[in-house]
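J.:
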Amino acid sequence: MKGIYLTGPNQFSLQELNDPVPGKKDVLIKVRMAGICGSDVHLLRGRNPFAAYPLVPGHEYMGEVLQAPKNSGLRKGERVTVFPEVGCGKCPACMEGRLVHCPEFKFVGVRVPGGCFCEKLVVPRERVIKLPKAMKDEEGAMVEPTAVAVHAVQRGGVKRGDRVAVIGGGTIGLLTAQAARAFGASKIVVSEPIAERRKIAQIMGFKLICNPMEHDLLAYVKDEIGLVDVVFDVVGFKKTLEDAQAMLRPNGTLVLVALPHIEGLGVPYQPIFAKELRVIGSRTYFMKDFPLAIRLLQAKKIRVKPIISEVIPLTRFHEGVEHLEREPEKYVKVLVRPTP
Ligand SMILES: [Zn+2]
Ligand SMILES: [Zn+2]
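Structure below.
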């Protein structure tokens, strides 16, 4: 089969790989649609310190069952998505589906093999999740990033009537804003410097959209909705962290969703202390967030179509990566179709 093989920073190409062979408890899956994540771009360019080369990258995907263990509840041809994290399987965190809290936590396609930018892969049954029949392939491939968003709004405790700010309107920001709305937030400000992405937020029905290059975000939020209950920082700059804390009401919650790839950020202590703020990390998801993400996608409470910029074959993988890197105004989410 064909797949993208990464042997070191920037060293990746489409190669002929061995067909995976399923063990007794494994499901053999044909990948139908896979998303290129921002974290994949970092990984391909050598900016992920956890990378264990060589590997096939990729963790956002859906596919079709080619072969499943007996009594697994899965049949040939069924459409599925996959939970892309592994843990020890024994600790309390693993037992509760919080694999991200396991001391042996690893991410598929980064630390362990099994990435999705290839035609076929083998996955243990317990990480395979069925998709509803009516769900489109594009939506199935977006379940994973949607799970990131529904996890973040639960971490932030978003509830009916909340005033919320989402700083950053890329894939995760736009999904988080929709998830916050689905959880009942009544006033939501989305902040995003790229005009095309602000347009997508508008298509999704958001009214309070700020261009932080033109308006001071803090002043905009205060004018439009006052102090907010929950802020999601999906950017992770010093400035966005400062703004986030300044716009929160006392006892409000700051959720850190951005990958902490910037050194020496320095979180201002004073506002956290003075307003008794809650500062909460949100790193990927728990197992239970996948079924919830599927339900919200199915109910059209979260829409992914406006985020999808293009669908390309695996042969054009390099192009897709370059689009995301060089033209963020045109490309938000690029999906790859490994098989014709
Ligand atoms: Zn991702
Ligand atoms: Zn564990």
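The sequence shown begins at 12 in the numbering used here and counts up one residue at a time. All C-beta atoms in this analysis are idealised placements derived from N, C-alpha and C, irrespective of residue type, glycine included.
(1) Less than 8 Å between the CB of Ser320 and some heavy atom of ligand 1, yes or no?
(2) Can you pull the DSSP bridge partners for Thr264?
(3) Measuring CB to CB, does Phe128 end up less than 9 Å from Ala45?
(4) Measure the alpha-carbon distance for Glu230 versus Leu265 and round it to whole angstroms.
(5) Check whether the segment 81 to 90 touches the segment 155 to 171, taking contact to mean three or more Cβ pairs, one atom from each stretch, closer than 8 Å.
(6) When you compare only the Cα positions, how much space is there between Val278 and Gln256?
(7) For Ala196, which residues of its own chain have a beta-carbon under 6 Å away from its beta-carbon, when the five flanking residues on both sides are left out?
(8) Using C-beta distances below 6 Å, list every residue in its chain close to Cys48, excluding the 5 sequence neighbours before and after it, in chain order.
(9) Considering only C-alpha positions, which residue in the set Asn262, Val177, Leu288 is nearest to Thr251?
(10) Quick check: what's the CA-CA separation for Glu336 versus Gly74?
(11) Can you find a heavy atom of ligand 2 that lies under 8 Å from the Cβ of Lys117?
(12) Taking the alpha-carbon positions, what's the Asp37 to Pro31 distance?
(13) Which ranges would you report for the alpha helix (DSSP H) in the segment 44 to 125 if only whole runs of at least 4 residues count?
(14) Just to confirm, are Gly263 and Arg289 a CB contact at a threshold of 9 Å?
(15) Are the segment 282 to 301 and the segment 15 to 26 touching, with three or more C-beta to C-beta distances below 8 Å?
(16) Between the beta-carbon of Leu228 and the beta-carbon of Lys198, is there less than 9 Å?
(17) Return yes when the C-beta of Glu155 is under 8 Å from any heavy atom of ligand 1, and no when it is not.
(18) Within 8 Å: the Cβ of Cys221 and any heavy atom of ligand 2?
(19) Would you kindly report the start and end of the unbroken beta strand (DSSP E) that includes Pro135?
(20) Please indicate yes or no: does the CB of Pro80 lie closer than 8 Å to some heavy atom of ligand 2?
(21) Identify every residue that forms a DSSP beta bridge with Gln1.
(22) Can you check DSSP and say which residues form a bridge with Cys221?
(23) At a cut of 8 Å, does the segment 95 to 104 reach the segment 112 to 127 through at least three beta carbon pairs?
(24) Under a three-way DSSP split, which group does Leu142 fall into?
(25) Got a sec: does ligand 1 put a non-hydrogen atom nearer than 8 Å to the Cβ of Ser50?
(26) Would you be able to state if there are at least three C-beta pairs under 8 Å between the segment 49 to 61 and the segment 88 to 100?
(27) Can you tell me whether Lys249 is helix, strand or coil according to DSSP?
(28) So, is Asp254 buried or exposed, given that buried needs 16 or more other C-beta atoms within 10 angstroms?
(29) Specify the secondary structure class of Asp148 as computed by DSSP and reduced to three states.
(30) Looking at Pro20 and ligand 2, is the gap between the Cβ and the nearest heavy atom below 8 Å?
(31) Output yes or no for whether 9 Å exceeds the beta carbon distance between Lys131 and Leu66.
T.: To lay it out plainly:
(1) Answer for Ser320: no, Cβ out of range of ligand 1.
(2) Thr264 is bridged to Val241, Arg289.
(3) Yes. Within cutoff.
(4) It should be noted that the sequence gives Ala, not Glu, for residue 230. Take the alpha-carbon of Ala230 and the one of Leu265: they are about 18 Å apart.
(5) Cβ pair count under 8 Å is below three, so no.
(6) Going by the C-alpha atoms only, they are around 9 Å apart.
(7) Excluding residues within five positions, the ones whose Cβ falls inside 6 Å are Val169, Asp173, Val175.
(8) The residues are Glu71.
(9) Residue Val177 is the option with its Cα nearest to Thr251.
(10) In a straight line, the C-alpha of Glu336 is about 26 Å away from that of Gly74.
(11) Not under cutoff, so the answer is no.
(12) Each residue's alpha carbon lies about 11 Å from the other.
(13) Counting whole runs of 4 or more residues, the segment 44 to 125 contains the alpha helix (DSSP H) stretches 49 to 55, 103 to 106.
(14) Contact: yes.
(15) Verdict: no, contact absent.
(16) It is not a contact, given that the beta carbons lie outside the stated cut-off.
(17) Inclusion of Glu155 in the 8 Å shell around ligand 1 follows from its C-beta lying nearer than that to a non-hydrogen atom of the ligand.
(18) No - ligand 2 has no heavy atom lying nearer than 8 Å to the Cβ of Cys221.
(19) DSSP places Pro135 in the uninterrupted beta strand (DSSP E) bounded by 131 to 135.
(20) Ligand 2 has no heavy atom closer than 8 Å to the beta-carbon of Pro80.
(21) Missing from the structure shown is residue 1; the chain here goes from 12 to 351 and no further.
(22) In the DSSP assignment, Cys221 is bridged to Ser202.
(23) Between the segment 95 to 104 and the segment 112 to 127 there are three or more inter-stretch CB-CB distances shorter than 8 Å, so the stretches are counted as touching.
(24) Coil, per DSSP.
(25) For Ser50, the Cβ falls inside the 8 Å cut-off from some heavy atom of ligand 1.
(26) Counting Cβ pairs under 8 Å, fewer than three are found: no touch.
(27) Shown here, Lys249 sits in a helix according to DSSP, grouped into three states.
(28) Burial call: buried.
(29) Taken through DSSP and simplified to helix, strand or coil, Asp148 comes out as helix.
(30) It does not: the Cβ of Pro20 is nowhere closer than 8 Å to a heavy atom of ligand 2.
(31) The answer is no: Cβ separation not under 9 Å.
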